[in-house]
DNA sequence: ATTCTGACA
DNA sequence: TGTCAGTA
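Residue numbers (the working numbering): 883 to 1048.
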């Protein structure tokens, strides 16, 4: 069995990604325009996808085809996810938590906010557990989103985590 | 042959 | 979502 390949390595062209996921090429590009995907790029500009990206594309497809969401719905869903729920804030690399625009606004996922702030952070975000898990469609994430969708904004603020079983 | 961006049905 | 144009 093949175990020597990295599920995060960019190895598939958009055509192959479309073939494997059942999502058309134009639609995959659309997902990217919506900020849901951050594909790799070859020096010439061609998009490349990893096997993990394939899972991500399938997750989005699932939300749209099976959960009845549209693209706007998917965006709102991921926007509900505070980055600190998946990854401890790091003052060293992220700066003071109080000054983090991603945590302050939370109207969009952190990777989209960071990009708009002009930072070339795609590489880091692609590796970040927040980006990688937000659209993983695991049972854990489904449970988390269900919780986030029903509680109030105040309940989402960091620092209120009565740190017990987390 | 395949992909890219932008525009449009 | 799909498709067409004009490239690379």
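Glycine included, each C-beta is placed from N, C-alpha and C at the ideal position.
| query | result |
| --- | --- |
| Rounded to whole angstroms, what's the CA-CA distance from residue 944 to residue 918? Just pull it up for me. | 14 angstroms |
| Measuring straight from C-alpha to C-alpha, what distance separates residue 981 and residue 954? | 27 angstroms |
| What runs of the alpha helix (DSSP H), each 4 residues or longer, lie entirely inside the region 903-959? | 907-915 and 933-947 |
| Quick one, which of 997, 1001, 960 and 986 has its alpha-carbon nearest residue 1031's? | 960 |
| Do residue 895 and residue 940 have their CB atoms nearer than 8 angstroms? | no |
| Within 10 angstroms of the Cβ of residue 929, are there 16 or more other Cβ atoms? Answer buried if so, exposed if not. | buried |
| With 16 other CB atoms within 10 Å as the buried threshold, where does residue 1017 fall? | buried |
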